[in-house]
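Numbering (this note's numbering), first residue to last: 1 to 257.
Each residue gets a CB set at the ideal place from its N, CA and C atoms; glycine is no exception.
Owing to the predicted nature of the structure, the values given are computational and were not obtained by experimental measurement.
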């Protein structure tokens, strides 16, 4: 694989978010001394710098085909990055605390494309299982294929079990009776109207009494004999106002000689 140093240096120092970063102690390849370096993990590339503010990285480790595991070392919280092959180098690193070591081991173990490929395959498998489950749950429905509807809740199921109400509720003496619509039990009817039932068994209202016809003469006589209350009040207040006006005029003229 051919790497461009300028591209790697730009990628290492650009503003793209890093998966992990911090100080680690790195053991030298020829000498066993540990050197404190600033590490930055981006994707499957682990860059390390001499200082945190360095403009270019000292080196880069491509995390493909490797294993991250704990190791015994003179430094505490040490772990190693081992590659396959007899001539491959093993990088020994040490963190400053137990929490930092666990964080680095976890992030480095998940940085390779092999791990991402396994995660993608697992997600695809779960998606296929969910799709088959949804397709099997909707196979017996008469709706269009591919459409899935949620199961009705307990309230909706209880509504479906209730009988449908009639369009016109039965009435007794001019009042609607809800119990008759659902066929609920009622006390025995002693009014003599229990026999008024239609063909479907729904009670009907009792028959209305016959209307009394009034002739034109009787109607005119009733209107003449019963003057309205407004007319009587109008006449009473008119007389009262006239009497008060007459008293006021007499007081204004003064006593007669």
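task = Could you pull the start and end residues of the alpha helix (DSSP H) that residue 10 belongs to?
result = Within the chain shown, the letter at position 10 stands for residue 10. Its alpha helix (DSSP H) spans residues 5 to 13.
ask   = So is residue 33 buried or exposed if we call it buried at 16+ other beta carbons inside 10 Å?
value = The residue given as residue 33 occupies position 33 in the chain shown. By the neighbour-count rule (16 or more Cβ atoms within 10 Å), residue 33 is not buried but exposed.
query = Can you tell which of 62, 38, 24 and 16 has its C-alpha closest to the C-alpha of residue 92?
reply = The residue you call residue 92 lines up with position 92 of the chain shown. Comparing Cα positions, the closest option is 24.
ask   = Is residue 240 helix, strand or coil when you go by DSSP?
value = The residue given as residue 240 occupies position 240 in the chain shown. DSSP places residue 240 in helix when its eight states are reduced to three.
task = Have a look at residue 9 and residue 68 and give me their C-alpha separation to the nearest angstrom.
result = As a working note, residue 9 is residue 9 in the chain shown. As a working note, residue 68 is residue 68 in the chain shown. So the two alpha carbons sit approximately 25 Å from each other.
task = Let me know the secondary structure DSSP gives residue 87 once reduced to three states.
result = Position 87 of the chain shown holds residue 87. Correct three-state label for residue 87: coil.
key: Continuous alpha helix (DSSP H) stretch holding residue 105: start and end   = Locating residue 105 in the chain shown gives position 105, where the first residue counts as 1. Looking at the DSSP string, the run of the alpha helix (DSSP H) that includes residue 105 is 98 to 109.
task = Could you pull out every residue in the same chain whose Cβ sits closer than 8 Å to the Cβ of residue 11, ignoring the five residues on either side in sequence?
result = Stepping through the chain shown from its first residue, residue 11 is reached at position 11. Around residue 11: 42 and 45.
message = For a quick check, are the C-beta atoms of residue 94 and residue 77 less than 8 Å apart?
response = What you label residue 94 is simply residue 94 of the chain shown in a count that begins at 1. What you label residue 77 is simply residue 77 of the chain shown in a count that begins at 1. For residue 94 and residue 77, yes; Cβs fall inside 8 Å.
request  = Could you check how far apart the C-beta atoms of residue 111 and residue 15 are, in whole angstroms? I think they sit under 8 Å.
outcome  = On the chain shown, position 111 is the one that residue 111 refers to. On the chain shown, position 15 is the one that residue 15 refers to. Not really, about 20 Å apart at Cβ, beyond 8 Å.
task = On the DSSP bridge assignment, give the partners of residue 46 in chain order.
result = Sequence index remark: in the chain shown, residue 46 carries index 46 (1-based). Looking at the DSSP assignment, residue 46 forms a beta bridge with 41 and 61.
query = Which residues bound the beta strand (DSSP E) around residue 20?
reply = In the chain shown, counting from the first residue as 1, residue 20 sits at position 20. Per DSSP, residue 20 belongs to the beta strand (DSSP E) from 20 to 27.
inquiry  = The beta strand (DSSP E) that contains residue 66, what's its start and end?
reply    = Here the question's residue 66 lines up with position 66 in the chain shown. Per DSSP, residue 66 belongs to the beta strand (DSSP E) from 66 to 70.
task = Look up residue 79 in the DSSP assignment and say whether it is helix, strand or coil.
result = One-based indexing of the chain shown puts residue 79 at position 79. Here residue 79 sits in strand by DSSP.
inquiry  = Taking its Cβ as the centre, do 16 or more other Cβ atoms sit within 10 Å of residue 143, making it buried, or is it exposed?
reply    = The sequence position of residue 143 within the chain shown is 143, counting from 1. Low confidence applies to residue 143: its pLDDT is 48, below 50, so where it sits in the model is not reliable enough to give any reading.
ask   = Under the three-state reduction of DSSP, which class applies to residue 35: helix, strand or coil?
value = Your numbering for residue 35 matches position 35 in the chain shown. In this structure, residue 35 counts as strand in the three-state DSSP scheme.
key: Three-state secondary structure (DSSP) of residue 135   = Position 135 of the chain shown, counting from 1, holds the residue named residue 135. Three-state result, residue 135: helix.
query = When we look at the beta-carbon of residue 127 and count the other beta-carbons within 10 Å, is it buried (16 or more) or exposed?
reply = Numbered from its first residue, the chain shown carries residue 127 at position 127. So residue 127 counts as exposed.
Proximity below 8 Å, CB of residue 118 to CB of residue 63 = In the chain shown, residue 118 corresponds to position 118, counting from 1. In the chain shown, residue 63 corresponds to position 63, counting from 1. It is not a contact, given that the beta carbons lie outside the stated cut-off.
query = Of the residues 36, 116 and 65, which one's Cα is nearest the Cα of residue 96?
reply = In the chain shown, counting from the first residue as 1, residue 96 sits at position 96. Checking every option, the nearest Cα to that of residue 96 belongs to 36.
ask   = Around the C-beta of residue 237, are 16 or more other C-beta atoms found within 10 angstroms, so that it is buried, or is it exposed?
value = Within the chain shown, the letter at position 237 stands for residue 237. So residue 237 counts as exposed.
Distance CB(residue 59)-CB(residue 48) smaller than 8 Å = Looking up residue 59 in the chain shown gives position 59. Looking up residue 48 in the chain shown gives position 48. Contact flag set, yes.
Counted within 10 angstroms of its Cβ, other Cβ atoms place residue 17 as buried (16 or more) or exposed = Numbered from 1 along the chain shown, position 17 holds the residue referred to as residue 17. Residue 17 comes out exposed.
task = Select from 40, 246, 89 and 130 the residue whose C-alpha is nearest the C-alpha of residue 30.
result = Position 30 of the chain shown holds residue 30. Taking only the C-alpha atoms, the option nearest residue 30 is 89.
ask   = So, residue 38 versus residue 51, is the Cβ gap smaller than 8 Å?
value = Taking the chain shown and counting its residues from 1, the one referred to as residue 38 is at position 38. Taking the chain shown and counting its residues from 1, the one referred to as residue 51 is at position 51. Yes, Cβ-Cβ distance for residue 38 and residue 51 is below 8 Å.
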